[in-house]
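Engineer: Have a look at the structure that comes next, please.
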Amino acid sequence: MKIAISATGQTVDSMLDKRFGRCQYFVIQDTETGEVETVENKGLTSEGGAGIAASQQLIDEGVEVIITGNLGPNAFELIEKSGIKAYKCHEMVIRDVLEKYGSGELLEIEESGPAHHGGH
Amino acid sequence: MEDIDLEEEDNLNIAVLSGKGGTGKTTISTNLALALGAKYIDCDVEEPNGFLFLKPNIVNTEEVMVEYPVIDEDKCTDCGVCVDVCQFNALASAGNGILLFEKLCHGCGACEIVCKYGALGYGKREVGRIEKGMGHGINCSRGILNIGEPMAVPVIRSILRNLDDGLNIIDCPPGTSCNVVTSLRYADGAILVTEPTKFGLHDLERAVELVDMFSIPFGVIINKDDGRENIVKSYCKDRQIEIIGTVPYSDSIALAYSKGEMLYATQDNRALFDHLAMGLGEVLEWT
Chain B
1 MKIAISATGQ TVDSMLDKRF GRCQYFVIQD TETGEVETVE NKGLTSEGGA
51 GIAASQQLID EGVEVIITGN LGPNAFELIE KSGIKAYKCH EMVIRDVLEK
101 YGSGELLEIE ESGPAHHGGH
Chain C
1 MEDIDLEEED NLNIAVLSGK GGTGKTTIST NLALALGAKY IDCDVEEPNG
51 FLFLKPNIVN TEEVMVEYPV IDEDKCTDCG VCVDVCQFNA LASAGNGILL
101 FEKLCHGCGA CEIVCKYGAL GYGKREVGRI EKGMGHGINC SRGILNIGEP
151 MAVPVIRSIL RNLDDGLNII DCPPGTSCNV VTSLRYADGA ILVTEPTKFG
201 LHDLERAVEL VDMFSIPFGV IINKDDGREN IVKSYCKDRQ IEIIGTVPYS
251 DSIALAYSKG EMLYATQDNR ALFDHLAMGL GEVLEWT
């Protein structure tokens, strides 16, 4: 199973970015192999609909779990419809985020945060 | 984007913009429109406030409609080609059907073109309205963007596309965003309203950069002017930008504004705006 975390850097030693649509990277760990890969967030360069672009990218990557700070209404709708589970976490080192997820300490995101319409 | 053919039009459109919000675009636009006997057009569709002062009786309201894609689920194979082609992230594929985010759609039509199954068509929905009426003896119109709609451009374009003949004063949105760019595309000249503060100057510089791209004549009106040599005046001097005139920093003007009164209705301020109107004619060199 693939877990994606919104991140400010490219490794598990980077920090989690609380922003979803406009984070720099997604650090993706495959829980079966333990392998970690990083992708640049396509939402970062979107004029509008950043959360949608980021969600679409993770859906296409075959991710099953997302860990981030907040989800906007559009991203929330798309992620929910796709069946991906999203969890909330504050800013901390990604290695620790994965540990917290593993021990079941993270709460599922059950509603969206406020919309950020900007940059158009 | 459609081209503007000025040859075919018999009007002169003056855009009033500022960069910074709250510098007095609406105060200048409404009172100058009265001084010039011009039409007043409020393009600040996210927060139009010119009608609070001109108080027109609204005689005509038109809806502004935009197109958005409608998906025929019987024909859709969820291939995702429409998602890939959409530059605005208005379409997404959750793996079990296409999701539409209609508010992000710019109505470009690309998804309809690429769909091989004929599953996409276009419908129309309302995003705002245009109101028209007479106030203080001049024609007034304003665009209003519906609450929750993120895109103002269709409303602005709709109001400016159908301007009447004669002199039109266009009260623009603040900033230098798409909304202002769209307003400027219909302008033959511009007034940049600013105030002698660091923020005022900073945003004036952005506005000058923008107006320069349109190669139209423009000048500056300094509102809340302290009557001294200030940073805005020295900037205009350095850049050889003409100052149309100034409106003094004044308690009585602020008081009239707070009551929603037209400054042009009082003797002193009438002279002030008549003077600005003359200055405008000189700076923009209209014949």
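Protein sequences appear in the order of chains B and C.
Note that the numbering used here has the first sequence beginning at 1, numbered continuously upward.
Note that the numbering used here has the second sequence beginning at 1, numbered continuously upward.
Note that beta-carbon positions come from the ideal geometry of N, C-alpha and C, so glycine has one too.
#1: Compare the Cα-Cα distances from C:L210 to each of C:L284, C:E285, C:D10 and C:L17 and report the closest residue.
#2: Using the Cβ count rule (16 or more neighbours within 10 Å means buried), how would you classify C:D42?
#3: List in chain order: all unbroken beta strand (DSSP E) runs of 3+ residues lying wholly within the region 66-113 of chain C.
#4: Alpha carbon to alpha carbon, how far is C:G22 from C:M134? Give it in angstroms, no decimals.
#5: Does any CB atom of chain C fall closer than 8 Å to the CB of B:I52?
#6: Between C:N146 and chain B, is any beta-carbon pair separated by less than 8 Å?
#7: Spatial neighbours of C:C111 within its chain, please: C-beta separation below 7 Å, excluding the five flanking residues on both sides.
#8: Just to make sure I have the definition right: I need the residues of chain B whose C-beta is within less than 7 Å of the C-beta of C:N223. Which are they?
#9: Apart from the five residues on each side of it in sequence, which residues of its chain come closer than 6 Å, Cβ to Cβ, to C:E195?
#10: Could you tell me if C:T176 is buried or exposed, where buried requires 16 or more neighbouring beta carbons within 10 angstroms of its beta carbon?
#11: Quick check: what's the CA-CA separation for C:D171 versus B:Q56?
#12: Flag B:S46 as yes if its beta-carbon sits less than 8 Å from any beta-carbon of chain C, otherwise no.
#13: Taking the runs of the beta strand (DSSP E) that are 3 residues or longer, which of them lie wholly in the region 219-261 of chain C?
#14: List in chain order: all unbroken alpha helix (DSSP H) runs of 4+ residues lying wholly within the region 165-215 of chain C.
#15: What did DSSP end up calling B:E105 once you bin it into helix, strand or coil?
#16: Just tell me which of C:S141, C:H136 and C:Y122 has its CA closest to the CA of C:I130.
#17: Should C:V220 and C:L263 be called a contact, given that it needs their Cβ atoms to be closer than 8 Å?
#18: What does B:Q56 reach in chain C if we use C-beta pairs closer than 8 Å?
#19: The region 59-75 of chain B: which residues have C-beta closer than 8 Å to a C-beta of chain C, in chain order?
#20: Answer yes if the region 99-107 of chain B comes into contact with the region 154-165 of chain C, meaning at least three C-beta pairs across the two stretches below 8 Å, and no otherwise.
#21: Counting only beta-carbon atoms, is B:G113 nearer than 8 Å to chain C?
#22: Are any of the Cβ atoms in chain C nearer than 8 Å to that of B:H120?
#23: Which first and last residues belong to the alpha helix (DSSP H) in which C:E126 is found?
#24: Taking all protein chains shown into account, decide if B:S6 is buried (16 or more other Cβ within 10 angstroms of its Cβ) or exposed.
#25: Among C:G95, C:I71 and C:E285, whose alpha-carbon lies nearest the alpha-carbon of C:E122?
#26: With 8 Å as the threshold, decide whether the Cβ of B:L78 is near any Cβ in chain C.
#27: Looking at the strands, I want to know which residues DSSP matches up with C:S141.
#28: I need the DSSP call for C:N289, collapsed to helix, strand or coil.
#29: Can you check which of these residues, B:D13, B:E47 and B:H90, is closest to B:L71 by C-alpha distance?
#30: In whole angstroms, what separates the C-alpha of C:K290 from that of B:S46?
#31: Could you tell me which chain B residues have their CB closer than 8 Å to the CB of C:L99, listed as they occur along the chain?
#32: Can you name, in chain order, every residue of its own chain whose Cβ lies under 7 Å from the Cβ of C:P150, other than the five neighbours on each side?
#33: Should C:S215 be labelled buried (16 or more other beta-carbon atoms within 10 Å of its own) or exposed?
#34: Taking Cβ positions, are C:G128 and C:V64 nearer each other than 8 Å?
#35: Out of curiosity, what's the CA-to-CA distance linking C:Q240 and C:V232?
#36: Please name the residue or residues paired with B:D30 in a DSSP beta bridge.
Structural biologist: Let's see:
#1: C:L17
#2: buried
#3: 91-93 and 98-100
#4: 25 Å
#5: yes
#6: no
#7: P69, C82, V85, C86, L91 and L120
#8: Neighbours of C:N223 on chain B: none; closest Cβ ~27 Å, over 7 Å.
#9: T23, N223 and K224
#10: buried
#11: 39 Å
#12: yes
#13: 243-248
#14: 178-184 and 198-212
#15: coil
#16: C:S141
#17: no
#18: V83, N89, A92 and S93
#19: I59 and N74
#20: no
#21: no
#22: Note that B:H120 scores 38 on pLDDT, short of 50, meaning its location in the model is unreliable; the coordinates nonetheless yield the value given after this. By this cut-off, B:H120 is an interface position.
#23: From DSSP, C:E126 is part of no alpha helix (DSSP H) but of the beta strand (DSSP E) over L120 to G135.
#24: buried
#25: In the sequence under discussion, the amino acid at residue 122 of chain C is Tyr, which differs from the Glu named in the question. The shortest Cα separation from C:Y122 among C:G95, C:I71 and C:E285 belongs to C:I71.
#26: yes
#27: C:I41 and C:K132
#28: Outside the shown range of chain C, which is 1 to 287, sits residue 289 of chain C, and nothing can be said about it.
#29: B:H90
#30: Lying outside 1 to 287, the shown extent of chain C, residue 290 of chain C is not represented and no answer is given.
#31: E77, L78 and K81
#32: K103
#33: exposed
#34: yes
#35: 12 Å
#36: B:K2
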